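Undergrad:
Residue numbers (our numbering): 13 to 460.
Following this line, the structure appears as structure tokens:
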């Protein structure tokens, strides 16, 4: 914890936040004077602290150290970190050794700072919370510069539980004296920084302007807000468990759909993009490798039954594997369960069930089973391959297009003549006119 030379001058803070009488200054002091004060940088740290957020914090410290900012405020709303403990220790060390004062504000109301994200409050120069915000579930404390971090007597209280603003203030977790309203918005955070002395440097964030009677108008210094750029924001968004899970499921389902439509269209493109984004999210999250493999095998099982147009054993086996994989994809990290919400899981599991029990079989039957009356008479009929069949492909028989399968020992080239030997569901079993066994042709005369 950063202590020692970093002390607070409470006088200015009490004047600003407690609403006590302030001495009037000349009326020439105005809002323009606020622009003359050094600005304060405000950086939003939202969501799980992954590599994108970790790098954003380090970049923010470096930027504020060189762009004339008098302080950096990290606006935190995070329920934990998915980076390793060593990587998080690097982030905490960067905050602790920052050349500019670093303040952490857990806000706005309803925000959380949990797990390793909560431990950032132990190394910041100034810490504050909005009413309704909570922090805690710190787990095992990390080390910075060889010393284990600590919140003092509050360690036992917040190791497994969480505390709100008032409890955190009573436990001495917050290093910023405020009244019972806390710091509800960023502007109040700027007011609260006024008059603090950190490493011998006085923060000056408030301009007072005279009014009538005892009225005093307070103008805060300029706040410069920074957020992730478009590409890092996209990567950070897909690195959340719900987003990554749904993107991978949608991507695999659309690619499988495109495969059975015998073409490359919009569904294939959207599926490929979704799968790439979802895989990016999987790469940033702690995953169970066997569960990822089980998810892929489930879609292989779906494909087995989709090709015959009837949900059978493999559809049931695929659903069982898919459900197990959905519940076990993400490994807990630092006591934080990353499993997607029940709503997300219901959407994923329900959508896949409808797709492979009803949707895809119906689509395949409609596409490849146009002639349905007397199709047994197709046995012995001749046709033409509309693409290589090795061992599966499509054929045209009696003017209708069918999905077909041949023996691996006798593949068919595009345009090759063939004969139907049997029907399996909506798939024709075919053989070449030349070079195939003759027992069937001897048993049944050719069609005229």
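Just so you know, even glycine gets a beta-carbon here, dropped at the ideal spot from N, CA and C.
Predicted model, so just to flag it, every value in this text is computed and none were measured.
#1: Please give me, in chain order, every unbroken run of the alpha helix (DSSP H) with length at least 4 that falls completely inside the segment 33 to 107.
#2: Using alpha carbons as the reference points, say which of 102, 62, 151 lies closest to residue 73.
#3: What distance in whole Å lies between the Cβ atoms of residue 153 and residue 180, which are believed to be in contact at a cut-off of 8 Å?
#4: How many Å lie between residue 60 and residue 350 at the Cα?
#5: DSSP has residue 432 in a bridge; who is on the other side?
#6: Only counting runs of 4 or more residues, tell me where the alpha helix (DSSP H) segments fall wholly within the segment 181 to 254, in order along the chain.
#7: Less than 8 Å between the beta carbons of residue 54 and residue 94, yes or no?
#8: Could you tell me the distance, in whole angstroms, from the CA atom of residue 441 to the CA atom of residue 323?
#9: What are the boundary residues of the beta strand (DSSP E) that residue 141 is part of?
#10: Could you tell me the boundaries of the alpha helix (DSSP H) in which residue 331 lies?
#11: Which class does residue 318 belong to by DSSP, given the choice of helix, strand or coil?
#12: With DSSP run on the structure shown, which of helix, strand or coil describes residue 172?
#13: Taking residue 186 as the reference, which of 164, 317, 198 has the closest Cα?
#14: DSSP three-state label for residue 129, please.
#15: Spatial neighbours of residue 69 within its chain, please: CB distance less than 6 Å, with the 5 preceding and 5 following residues excluded, ordered by chain position.
#16: On a CA-only basis, which of 447, 139, 124, 105 is nearest residue 117? Give me that one, please.
#17: Should residue 366 go down as buried or exposed, given a rule of 16 or more other Cβ atoms within 10 Å for buried?
#18: With residue 90 and residue 67 assumed to form a contact (beta carbons below 8 Å), what rounded beta-carbon distance in angstroms separates them?
#19: Quick check: the Cα distance between residue 170 and residue 176, rounded to an integer number of angstroms?
#20: For the alpha helix (DSSP H) that contains residue 291, what are its first and last residues?
#21: At which residues does the beta strand (DSSP E) containing residue 391 begin and terminate?
#22: Using a Cβ-Cβ cut-off of 8 Å (strictly less than) and excluding sequence neighbours within five positions of residue 132, which residues of its own chain qualify?
#23: Taking 6 Å as the limit between beta carbons, can you name the residues of its chain near residue 146, skipping five residues before and five after?
#24: Could you pull the DSSP bridge partners for residue 270 from this structure?
#25: If you check the beta carbons only, do residue 261 and residue 401 fall under 8 Å apart?
#26: Once DSSP output is grouped into helix, strand and coil, what is the label at residue 350?
#27: Hey, out of 424, 341, 372, whose CA is closest to residue 3's CA?
#28: Name the DSSP bridge partner or partners of residue 302?
#29: Residue 411 by DSSP, collapsed to three states: which one?
#30: Can you look up residue 363 in the DSSP assignment and give me helix, strand or coil?
#31: How is the beta strand (DSSP E) around residue 115 delimited, first residue to last?
#32: With burial defined as no fewer than 16 other Cβ atoms inside 10 Å of the residue's Cβ, what is the status of residue 16: buried or exposed?
#33: Is residue 291 close to chain B? Criterion is C-beta to C-beta, closer than 8 Å.
#34: Just verifying my parser: in three-state terms, what is the DSSP assignment at residue 371?
#35: Closer than 7 Å by C-beta to residue 405: which residues in its own chain qualify, once you throw out the five before and the five after it? Chain order, please.
#36: How would you call residue 414, buried or exposed, if buried means at least 16 neighbouring beta carbons within 10 angstroms?
TA: Here's the rundown:
#1: 43 to 48, 63 to 78
#2: 102
#3: 16 Å between Cβ atoms; not a contact.
#4: 10 Å
#5: 442
#6: 198 to 205, 242 to 250
#7: no
#8: 20 Å
#9: 138 to 141
#10: 325 to 340
#11: helix
#12: helix
#13: 164
#14: helix
#15: 103
#16: 139
#17: exposed
#18: Residue 90 to residue 67, Cβ: 15 Å. No contact.
#19: 11 Å
#20: 278 to 296
#21: Run containing residue 391: none; DSSP gives neither H nor E here.
#22: 86, 88, 103, 104, 107, 116, 125
#23: 124, 174, 176
#24: Its beta-bridge partners do not exist; DSSP assigns none.
#25: no
#26: coil
#27: What is shown of the chain runs 13 to 460, which leaves residue 3 out entirely.
#28: Its beta-bridge partners do not exist; DSSP assigns none.
#29: coil
#30: helix
#31: 114 to 118
#32: Its pLDDT being 39, under 50, residue 16 is placed unreliably by the model, and the measurement read from it follows with that caveat. By the neighbour-count rule (16 or more Cβ atoms within 10 Å), residue 16 is not buried but exposed.
#33: The structure shown contains no chain B, having only a single protein chain.
#34: helix
#35: 397, 399, 416
#36: buried
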